Structures are given as C-alpha cells and as structure tokens.
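Mind the numbering: the sequence shown is residues 1 to 359 in full-length UniProt numbering, read in order. Ideal placement from N, C-alpha and C gives every residue a C-beta, glycine not left out. Since the model is a prediction, treat every value here as computed from it, not as a measurement. What follows is a short report on a single structure.
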Amino acid sequence: MGLRECCSTFLAALPNPSLPLLHSFVLGTIFSAIILLYVYSKESKLGLKMTVKLLIKNLFYALPSPLHLESQVCRNPDCVRCHKYQELMVQMSCRWKEIKEKNPKLELKRVKEAVQNLDRKSNPSEEIMSKEQKDEYLEKKEKKKPSYLEFQKPTLFHMNLAANPYWSDLDVYGSEIELLKLNFQIILKEFKYLFEALQNGYHSGWKLNDVENGHWCIFPLLDQGTINEANCSRCPNTAALLGSLPALMKDCVFGNVCFSVLYPDSVIKPHYGPSNIRLRCHLGLDVPAGCKLEVAGTQHQWHPSQCLIFDDSFLHSATFTSTPGLPQGVARGLLMIDFWHPDISVKEKEVLTHLLSPT
Numbered sequence: 001m002g003l004r005e006c007c008s009t010f011l012a013a014l015p016n017p018s019l020p021l022l023h024s025f026v027l028g029t030i031f032s033a034i035i036l037l038y039v040y041s042k043e044s045k046l047g048l049k050m051t052v053k054l055l056i057k058n059l060f061y062a063l064p065s066p067l068h069l070e071s072q073v074c075r076n077p078d079c080v081r082c083h084k085y086q087e088l089m090v091q092m093s094c095r096w097k098e099i100k101e102k103n104p105k106l107e108l109k110r111v112k113e114a115v116q117n118l119d120r121k122s123n124p125s126e127e128i129m130s131k132e133q134k135d136e137y138l139e140k141k142e143k144k145k146p147s148y149l150e151f152q153k154p155t156l157f158h159m160n161l162a163a164n165p166y167w168s169d170l171d172v173y174g175s176e177i178e179l180l181k182l183n184f185q186i187i188l189k190e191f192k193y194l195f196e197a198l199q200n201g202y203h204s205g206w207k208l209n210d211v212e213n214g215h216w217c218i219f220p221l222l223d224q225g226t227i228n229e230a231n232c233s234r235c236p237n238t239a240a241l242l243g244s245l246p247a248l249m250k251d252c253v254f255g256n257v258c259f260s261v262l263y264p265d266s267v268i269k270p271h272y273g274p275s276n277i278r279l280r281c282h283l284g285l286d287v288p289a290g291c292k293l294e295v296a297g298t299q300h301q302w303h304p305s306q307c308l309i310f311d312d313s314f315l316h317s318a319t320f321t322s323t324p325g326l327p328q329g330v331a332r333g334l335l336m337i338d339f340w341h342p343d344i345s346v347k348e349k350e351v352l353t354h355l356l357s358p359t
C-alpha cells in the first residue's frame with residue numbers, strides 16, 4: 001500500500017462527525033510520527049530497527065547532537081593527549097628500575113638516556129634557576145641543533161633516533177604501505193558506512209577532539225594502546241587488516257589507530273606529539289580541495305589511497321578551508337596509524353612496550 005492509499009484509508013476510518021480536538025490531535029501526532037520515522041529510515045538507509053534504536057537513545061540517553069556538543073569533547077582523565085604526563089613519567093621510571101634490577105647487564109643506552117632525561121624534568125635544581133638562566137640555557141641548547149630540529153620538541157619522551165619531519169619519500173614501511181593500498185577500497189567502504197551513520201545522527205563510537213576552530217572527530221580502533229573492540233566490530237575488515245601490519249604500535253600508550261574526520265573551516269593549531277619513538281601514517285580516504293597538513297614549516301597534501309608519513313614530534317598542524325562550490329556534508333577523511341620508529345631495535349621495542357604499557 002502506498003503513502004497516498006494509506007492516508008486515504010486512515011481518513012476514511014475517522015468517525016463522522018470529526019473527532020473531538022484532543023483525540024484528533026493525539027491521533028494526528030502519532031500518525032505524523034510514524035510517517036516521519038518511515039521516511040527517515042528510508043532516507044538515512046539505517047533501517048527501521050536502527051532508526052527506532054537511535055530515536056530511543058536520543059530521547060532517553062541524551063546523546064550529542066549532530067553539531068557535536070560539549071558532552072562529546074574528550075575529557076578522559078587518563079588521556080595522554082589531554083593532560084599532564086606526571087603519572088606516566090613515574091610509571092616509566094619505576095618500571096625501568098625494575099627491569100635493571102632483574103637484568104643488571106642489560107645495555108640499552110638510548111632507552112636509559114631517555115628515562116634519565118625524564119627524571120631531570122622533575123629535578124628540583126632546575127626549578128630554582130632564574131628565568132634569565134633558563135632562557136640562556138635553552139638558547140645555547142637550541143643553537144647546537146640543526147635548523148630543522150628546532151621544530152622537534154616531543155612533549156614527553158625523547159630518544160636519540162633519526163630525526164626527519166617527513167618520511168613519505170624514504171624507503172620505510174614498504175610492506176605496510178603496500179598492504180594499505182591493496183585494501184584501500186575495503187577501508188574506504190567501511191569508512192563511508194561509519195561516516196554516513198555519523199551524518200545521520202548515530203554518534204556511537206565517535207570522539208570529538210577539542211579544537212578552537214571548527215570540528216575534528218575521530219573513530220578510534222586502537223586508543224592509546226588499547227583496542228576498542230566495539231568500534232572494531234563495526235569495521236571488521238579494517239580491524240583485521242591492522243593485525244597484519246608488522247610496524248603497528250600496539251600495547252603502547254603512544255599507539256593509536258583511528259578514522260579521522262576534519263570538517264570545513266576547521267583548524268588544528270600547531271602542536272607537538274608526545275614522543276619521537278613513533279611515526280604517524282595518514283592514509284587519505286576522502287580528501288576535498290582546501291585540505292593541508294603542515295609539518296616543520298612545510299605544507300603537504302593528502303591524496304586518496306596515498307600514505308603520508310611524518311614525525312609528529314615535529315611542530316605540525318592541519319587546516320580545511322572551505323572552497324566555493326563545496327558540497328554540503330563534505331569532510332576530510334583519513335585513516336591514521338601510528339608505527340614504531342624504524343630505528344628502534346627489537347630489544348628496545350620490547351622494553352619500551354613494557355615501560356609504556358597502557359595497563
């Protein structure tokens with residue numbers, strides 16, 4: 001039965017004379033709600049069951065609106081991206097001492113120096129230096145660096161590793177990049193499914209990153225070293241693919257994998273990542289005009305199916321500037337993956353995984 005026939009049947013069933021005002025209002029409201037529910041489920045392609053579920057959640061669980069209200073902003077007190085790193089510094093220092101006690105002959109010079117530098121950050125003697133002394137010390141320290149290293153300032157953990165802002169032109173992660181390219185259409189299909197659901201109001205699993213201008217949200221699959229099982233179940237092929245990437249930084253608080261969405265007229269201000277022991281890979285999925293990534297003062301462009309690899313311990317930022325004729329609802333989409341820095345040895349990786357375990 002079509003919509004017209006349905007309406008005609010309903011109107012014909014009304015008593016004569018017309019119903020009292022209250023009764024007719026209630027019936028009209030119910031009838032209108034059913035029609036709207038039916039139309040919405042068809043247009044959104046979520047299906048009637050998912051639409052009803054979404055409606056109930058929006059009514060009774062106060063989910064965020066499509067505009068991403070404040071309740072969706074990341075406020076996790078354990079987030080290493082949002083808060084000071086004091087607890088993590090203590091964890092690394094204590095675990096390193098435990099490792100050395102169990103294996104006093106262990107010689108990992110770069111890890112040892114990095115942990116010792118953490119201890120120096122909380123050294124009281126540094127706190128009593130005057131501002132002028134600190135400025136002079138930092139100025140001398142910066143002069144010793146090559147010019148491009150002035151842009152590298154990891155906020156927490158720094159190892160003596162090969163330093164380069166942009167790695168896409170170097171011969172690294174060959175098997176990982178090839179695997180991502182071969183499975184690009186599969187990843188893109190699952191991203192579009194998730195993004196369409198987000199556009200239609202289904203926010204489950206998405207997290208809003210706090211930016212001053214615009215909107216930037218992520219759908220984490222690996223969140224600071226911990227697998228998000230619920231999110232992985234909604235993109236099973238992409239999740240399964242991650243297990244085939246040898247360099248994936250898993251079981252480490254600095255390791256993340258997510259679908260990242262940046263909306264028009266959004267700016268991610270220049271910032272530094274927490275450590276240089278990882279390199280960040282961006283697989284372009286949906287890349288409209290006007291999107292740019294800047295690393296250490298140099299701008300780069302994302303491209304669909306192409307991997308852009310950079311060291312996020314260097315100063316970096318991202319922008320999406322609206323262009324004339326940009327279709328409504330368009331956003332920049334990519335798959336973000338953290339890899340272990342290629343200079344880190346197997347033994348160093350083993351120890352770092354213990355020091356930086358998320359649990």
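Minimum Cβ-Cβ distance from residue 277 to chain C less than 8 Å:
Included in the structure is just one protein chain, with no chain C present.
Buried or exposed, going by whether 16 or more other CB atoms sit within 10 Å of the CB of residue 344?
What you label residue 344 is simply residue 344 of the sequence shown in a count that begins at 1. Buried: at least 16 other Cβ atoms inside 10 Å.
Helix or strand or just coil, what does DSSP make of residue 217?
Translated into positions along the sequence shown, residue 217 becomes position 217. It is a strand residue.
Residue 209 (DSSP reduced to helix, strand or coil):
Start at 1 with the first residue of the sequence shown, and residue 209 comes out as number 209. In the structure shown, residue 209 sits in a strand (DSSP, three-state: E or B).
Which value, in whole angstroms, describes the spacing of the CA atoms of residue 312 and residue 278?
Here residue 312 is taken as the residue at index 312 of the sequence shown, counted from 1. Here residue 278 is taken as the residue at index 278 of the sequence shown, counted from 1. Cα-Cα distance, rounded: 8 Å.
Contact test: residue 238 Cβ vs the ligand HEM heavy atom, cutoff 7 Å
In the structure on display, the ligand HEM does not appear, and there are no ligands present to speak of.
Go to residue 321, then tell me how far its beta strand (DSSP E) extends in each direction, as first and last residue.
Taking the sequence shown and counting its residues from 1, the one referred to as residue 321 is at position 321. That residue, residue 321, is in no beta strand (DSSP E); it is neither H nor E in DSSP.
Tell me, which residues are paired with residue 336 by DSSP?
Your numbering for residue 336 matches position 336 in the sequence shown. According to DSSP, residue 336 bridges with 258 and 282.
Is the separation between the beta-carbon of residue 296 and that of residue 104 shorter than 8 Å?
Within the sequence shown, numbered from 1, the residue matching residue 296 stands at position 296. Within the sequence shown, numbered from 1, the residue matching residue 104 stands at position 104. No, these two residues do not count as a Cβ contact at 8 Å.
According to the Cβ coordinates, are residue 175 and residue 307 closer than 8 Å?
As a first step, residue 175 is located in the sequence shown; it is residue number 175 there, counting from the start. As a first step, residue 307 is located in the sequence shown; it is residue number 307 there, counting from the start. Their beta carbons are not under 8 Å apart, which means residue 175 does not touch residue 307 by this criterion.
From residue 197 to residue 96, what does the alpha carbon distance come to, in whole angstroms?
Position 197 of the sequence shown holds residue 197. Position 96 of the sequence shown holds residue 96. Taking the straight line joining both Cα atoms gives about 45 Å.
When 192, 241 and 227 are compared against residue 180, the one with the closest alpha-carbon:
One-based indexing of the sequence shown puts residue 180 at position 180. Closest option to residue 180, Cα to Cα, is 241.
Can you name the start and end residues of the alpha helix (DSSP H) that residue 275 belongs to?
As a first step, residue 275 must be located in the sequence shown, where it is residue number 275. First-last for residue 275: undefined, no H or E at that position.
Please look up how many angstroms separate the CB atoms of residue 272 and residue 154, rounded, as I've assumed it's under 8 Å.
Counting from 1 along the sequence shown, the entry for residue 272 is found at position 272. Counting from 1 along the sequence shown, the entry for residue 154 is found at position 154. Right, their Cβ atoms sit about 6 Å apart.
Below 8 Å, how does it come out for the stretch 244-254 and the stretch 196-210: are there three or more Cβ pairs, yes or no?
no
Cα-Cα separation between residue 160 and residue 298, rounded to whole angstroms:
Locating residue 160 in the sequence shown gives position 160, where the first residue counts as 1. Locating residue 298 in the sequence shown gives position 298, where the first residue counts as 1. Spanning the two alpha carbons is a distance of roughly 23 Å.
Give me the Cβ distance between residue 264 and residue 326, rounded to the nearest whole Å; I'm assuming they're in contact under 8 Å.
Taking the sequence shown and counting its residues from 1, the one referred to as residue 264 is at position 264. Taking the sequence shown and counting its residues from 1, the one referred to as residue 326 is at position 326. Their Cβ separation, rounded to whole angstroms, is 6 Å, which keeps residue 264 and residue 326 in contact under 8 Å.
So, using beta-carbon positions, are residue 332 and residue 304 closer together than 8 Å?
As a working note, residue 332 is residue 332 in the sequence shown. As a working note, residue 304 is residue 304 in the sequence shown. No.
Alpha carbon to alpha carbon, what distance is there between residue 111 and residue 354?
On the sequence shown, residue 354 is found 354 positions in, with the first residue counted as 1. On the sequence shown, residue 111 is found 111 positions in, with the first residue counted as 1. The alpha-carbon atoms of residue 354 and residue 111 are separated by roughly 12 Å.
Smallest Cα separation from residue 258: which of 189, 217, 251 and 31?
One-based indexing of the sequence shown puts residue 258 at position 258. Of the candidates 189, 217, 251 and 31, the one whose C-alpha sits nearest the C-alpha of residue 258 is 217.
Considering only their Cβ atoms, is the gap separating residue 338 from residue 280 smaller than 8 Å?
Here residue 280 is taken as the residue at index 280 of the sequence shown, counted from 1. Here residue 338 is taken as the residue at index 338 of the sequence shown, counted from 1. Yes.
Measure the alpha-carbon distance for residue 162 versus residue 37 and round it to whole angstroms.
Position 162 of the sequence shown, counted from the start, is the residue given in the question as residue 162. Position 37 of the sequence shown, counted from the start, is the residue given in the question as residue 37. When rounded, the distance between both Cα atoms is 57 Å.
Note down, in chain order, each residue of its chain lying with its Cβ closer than 8 Å to the Cβ of residue 349, except the 5 sequence neighbours on either side.
As a working note, residue 349 is residue 349 in the sequence shown. Once the five neighbours on either side are set aside, the close Cβ partners of residue 349 are 340.
Beta bridge counterpart(s) of residue 157 as assigned by DSSP
Within the sequence shown, the letter at position 157 stands for residue 157. According to DSSP, which records beta bridges pairwise, residue 157 is partnered with 275.
Using the three-state DSSP reduction, which class does residue 266 fall into: helix, strand or coil?
As a working note, residue 266 is residue 266 in the sequence shown. Strand.
Find out if the Cβ-Cβ distance for the pair residue 285, residue 219 is shorter than 8 Å.
Mapped onto the sequence shown, residue 285 falls at position 285. Mapped onto the sequence shown, residue 219 falls at position 219. Not a contact, by the Cβ cut-off of 8 Å.
For residue 85, list the residues DSSP reports as bridge partners.
Reading the sequence shown from its first residue, position 85 is the one you call residue 85. Paired residues: none, contrary to the question.
Inter-residue Cα distance where the pair is residue 309 and residue 282
Mapped onto the sequence shown, residue 309 falls at position 309. Mapped onto the sequence shown, residue 282 falls at position 282. For residue 309 and residue 282, the distance between alpha carbons rounds to 6 Å.
Go ahead and label residue 193 buried or exposed: buried means 16 or more other beta carbons lie within 10 angstroms of its beta carbon, across all protein chains shown.
Residue 193 sits at position 193 when you count from the first residue of the sequence shown. Exposed is the call here.
CB-CB length for residue 116 against residue 314, believed under 8 Å
As a first step, residue 116 must be located in the sequence shown, where it is residue number 116. As a first step, residue 314 must be located in the sequence shown, where it is residue number 314. Contact doesn't hold; Cβ gap of about 23 Å is too wide.
Contacting residues, own chain, Cβ-Cβ under 8 Å from residue 211 (five flanking each side not counted)
Mapped onto the sequence shown, residue 211 falls at position 211. 266, 267, 268 and 269.
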